[in-house]
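Visitor: Sharing a structure here in structure tokens format.
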Amino acid sequence: MGDIRNPYDILPELVEDLRSQVDVLVLMSHLGIQDDFQIAKEIPAIDVILGSHTHHLFREGHVINDVQIAAAGKYGQYVGEVHLTIDEEKKILKHSAKAIPTETMTAFTEDEQEINSYLERGHELLKEKEVADLPFSLSLDIFNEHSFIQVALEAVKERGKTEAAILNSGLFLTEIPKGRVNQDQLHTALPHPMHLLNVTLGGNDLIRLVLEIEKNRNFLRNYPMKRMGFRGKIFGQMVYNGITYDSINHQVFWKNKPIDLNKNYTFTTVDHLMFVPFFPTIEIAGKNEFLFPEFIRSVVGDYLKAHYPIK
Numbered sequence: 348m349g350d351i352r353n354p355y356d357i358l359p360e361l362v363e364d365l366r367s368q369v370d371v372l373v374l375m376s377h378l379g380i381q382d383d384f385q386i387a388k389e390i391p392a393i394d395v396i397l398g399s400h401t402h403h404l405f406r407e408g409h410v411i412n413d414v415q416i417a418a419a420g421k422y423g424q425y426v427g428e429v430h431l432t433i434d435e436e437k438k439i440l441k442h443s444a445k446a447i448p449t450e451t452m453t454a455f456t457e458d459e460q461e462i463n464s465y466l467e468r469g470h471e472l473l474k475e476k477e478v479a480d481l482p483f484s485l486s487l488d489i490f491n492e493h494s495f496i497q498v499a500l501e502a503v504k505e506r507g508k509t510e511a512a513i514l515n516s517g518l519f520l521t522e523i524p525k526g527r528v529n530q531d532q533l534h535t536a537l538p539h540p541m542h543l544l545n546v547t548l549g550g551n552d553l554i555r556l557v558l559e560i561e562k563n564r565n566f567l568r569n570y571p572m573k574r575m576g577f578r579g580k581i582f583g584q585m586v587y588n589g590i591t592y593d594s595i596n597h598q599v600f601w602k603n604k605p606i607d608l609n610k611n612y613t614f615t616t617v618d619h620l621m622f623v624p625f626f627p628t629i630e631i632a633g634k635n636e637f638l639f640p641e642f643i644r645s646v647v648g649d650y651l652k653a654h655y656p657i658k
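Its first residue numbered 348, the sequence shown is counted upward by one per residue in this note's numbering.
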């Protein structure tokens, strides 16, 4: 997972090490507005905090404990600007910050052309990276013999080394046609920056999770989704692999066997399902393991490469 530490434990040490080596100390924070405020209160040796994560906007900046805090909202709607006046002894005499609305800035045709050229070049580079040769198309129809989501469920099970998986059909934006498959197709079909998640639940909790899913099924089918890394339009259908639900008798089965209330069960899904509010059992009762570093499209690509190699 990399070197992940509590910011309140590591920041004082980092600031102490760096302060004497620099003229200005800037913290680029992805912790959110409340943590930025707290850090400014506790560590005044930081000169500037550039904040993000909570998408907050300070039109004229914000100052706490003489620490200049700046934040420019989201979606490129503003451009942030920080001004520091520093004397010959490298002491900050004045500081200010502001956020400038991009709609008030001059737009140049050549800028849009340059941006589009980067996008086109990115597509070209991804198209050059072929990963598999499919003998059939992957359909968005979840009941199709060669359903995209069913192949993806097999892929995430294989990556998670589990016997079951759960995904929502809204993740899959385009079909993958028969023939050579490249990274551009995978990125277009699965653009979400989502990691996989192994969830371990006791028998009772697994039953409760499935009941949460079934209760929300019709509501989520056409539910419009935004944020949290979701790049689709609707949440879609919830699809199981290795888990079945008998809606008449309200029973849950694991690989066609009734759930044992005294056992633990582990399935693989995307981290997105832990962050949405519809299935609280995952976060509250689950023993959850994030699988890094791949996004779901990379996992699917690796699976296709292994099972349908280019010859």
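Ideal placement from N, C-alpha and C gives every residue a C-beta, glycine not left out.
1. Residue range of the beta strand (DSSP E) that HIS403 falls in?
2. Pull up the DSSP beta-bridge partners for GLY549, would you.
3. Buried or exposed: which applies to ILE631, given that a residue is buried once 16 or more other Cβ atoms fall within 10 Å of its Cβ?
4. Below 8 angstroms, how does it come out for the region 615-627 and the region 520-530: are there three or more Cβ pairs, yes or no?
5. Just to confirm my understanding: we take MET348, look at its own chain, exclude 5 residues before and 5 after, and list those with CB closer than 6 angstroms. What are they?
6. Alpha carbon to alpha carbon, how far is ALA444 from ASP382?
7. Does the beta-carbon distance from TYR655 to ASP480 come in below 8 angstroms?
8. In the DSSP assignment, the alpha helix (DSSP H) including ASP458 goes from what residue to what residue?
9. Out of curiosity, what's the CA-to-CA distance linking PHE384 and LEU374?
10. Go ahead and pull the three-state DSSP assignment for ASN603.
11. Could you check the C-alpha separation between TYR422 and ILE581 for me, to the nearest Å?
12. Looking only at its chain, what residues have a beta carbon closer than 6 angstroms to the beta carbon of GLY550, apart from the 5 residues adjacent to it on each side?
13. In the DSSP assignment, the alpha helix (DSSP H) including ILE629 goes from what residue to what residue?
14. Considering only residues of the same chain and omitting the five flanking positions on each side of ILE599, which have a CB-CB separation below 6 angstroms?
Guide: Quick answer:
1. Here the question's residue 403 lines up with position 56 in the sequence shown. Looking at the DSSP string, HIS403 is not in any beta strand (DSSP E), and its letter there is neither H nor E.
2. Translated into the one-based positions of the sequence shown, residue 549 becomes position 202. Paired residue(s): ASN611.
3. For this step, residue 631 is matched to residue 284 along the sequence shown. With fewer than 16 other Cβ atoms within 10 Å, it is exposed.
4. no
5. Counting from one through the sequence shown, the residue named residue 348 turns up at place 1. Here MET348 scores only 45 on pLDDT, less than 50, and its place in the model should not be relied on; the value that follows carries that caveat. Taken in chain order, the residues that qualify are PHE639.
6. Within the sequence shown, numbered from 1, the residue matching residue 444 stands at position 97. Within the sequence shown, numbered from 1, the residue matching residue 382 stands at position 35. In a straight line, the C-alpha of ALA444 is about 19 angstroms away from that of ASP382.
7. Position 308 of the sequence shown, counted from the start, is the residue given in the question as residue 655. Position 133 of the sequence shown, counted from the start, is the residue given in the question as residue 480. In contact: TYR655 and ASP480 (Cβ atoms closer than 8 angstroms).
8. Working through the sequence shown from its first residue, we reach residue 458 at position 111. ASP458 -> alpha helix (DSSP H) spans 456-474.
9. In the sequence shown, counting from the first residue as 1, residue 384 sits at position 37. In the sequence shown, counting from the first residue as 1, residue 374 sits at position 27. Each residue's Cα considered, the two are about 12 angstroms apart.
10. Along the sequence shown, read from residue 1 onward, the residue named residue 603 stands at position 256. Note: ASN603 maps to coil in three-state DSSP.
11. The residue given as residue 422 occupies position 75 in the sequence shown. The residue given as residue 581 occupies position 234 in the sequence shown. Cα-Cα distance, rounded: 21 angstroms.
12. Taking the sequence shown and counting its residues from 1, one reaches residue 550 at position 203. Contacts found: ILE606, ASP607, LEU608 and LYS610.
13. Position 282 of the sequence shown holds residue 629. ILE629 -> alpha helix (DSSP H) spans 627-632.
14. Residue mapping note: residue 599 aligns to position 252 of the sequence shown, counting from 1. With the sequence shown as reference, residue 599 is identified as Val, and Ile is not the correct amino acid for it. Excluding positions up to five away in sequence, the list reads ILE554, VAL557, TYR592 and ILE606.
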